Structure formats: structure tokens, C-alpha cells
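*Asks:* Counting in the numbering used here, the sequence shown runs from 143 upward without gaps.
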Amino acid sequence: MEVKKELQEIFRDIFDDEDLVITEETTAEDIEDWDSLTHIQLIVAIEKKFQIKFSATEIKSSENVGEFVKMIEKKVEKEA
């Protein structure tokens with residue numbers, strides 16, 4: 143499973159932008175509509191897609207897409 147590719151689709155869906163391109167360095171400051179509400183929507187969509195759960199600490203500490211990718215990979219690996 144290509145985590146970043148799956149995240150790309152989630153981001154495009156949440157932000158309703160088929161042309162949106164994310165990188166590992168992408169942060170909330172890079173996407174105009176990424177506010178606290180869309181952040182929660184992203185978390186819920188990611189948890190549902192990958193069948194994982196993030197702690198509040200993990201959610202707060204994630205600074206960019208790359209950190210999300212690492213957390214997801216670690217959790218998915220642990221579940222396997």
C-alpha cells in the first residue's frame with residue numbers, strides 16, 4: 143500500500159480539489175482551506191481508510207504530511 147498516494151486521494155476528497163498535490167513537506171499553511179475543522183475531517187478519513195486510531199498527542203504533534211505518513215506506516219505495520 144502506497145500511503146502517500148492514498149493520502150493524496152483523501153486530501154483531494156476533503157478539500158474537493160482534484161488537482162491538489164501534496165508532498166511530505168506540505169503543512170496546513172500550504173493549503174488555504176486547511177483549518178481546524180478540515181484537520182479533524184482529515185484525521186477521521188485517514189483513520190477510517192487505514193483502520194487505525196491516532197492519539198490526541200499524535201494529532202497535535204503532526205506538523206506535516208510526511209509525519210502523517212510515518213505515523214500511518216508505523217501503525218499499519220503494528221497491526222499487520
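Cβ atoms here follow ideal geometry from the backbone N, Cα and C, with glycine treated the same way.
A quick note: this is a predicted structure, and the numbers were derived from the prediction, not measured.
So, at 6 Å on beta carbons, what are the nonlocal neighbours of E167 in its own chain, with the 5 sequence-adjacent residues on each side left out?
*Replies:* In the sequence shown, counting from the first residue as 1, residue 167 sits at position 25. Result list for E167: N206, in chain order.
*Asks:* Tell me, please, whether the region 172-190 touches the region 146-159 by the rule of three or more beta-carbon pairs shorter than 8 Å.
*Replies:* yes
*Asks:* Under 6 Å Cβ to Cβ from A170, same chain only, skipping five residues before and after it: list those, please.
*Replies:* By 1-based counting over the sequence shown, the position of residue 170 is 28. Around A170: W176.
*Asks:* Relative to the C-alpha of E151, which candidate in A198, K191, I182 and L179 has its C-alpha closest?
*Replies:* Here residue 151 refers to the residue found at position 9 when the sequence shown is read from its first residue. Measuring from the Cα of E151, the nearest candidate turns out to be K191.
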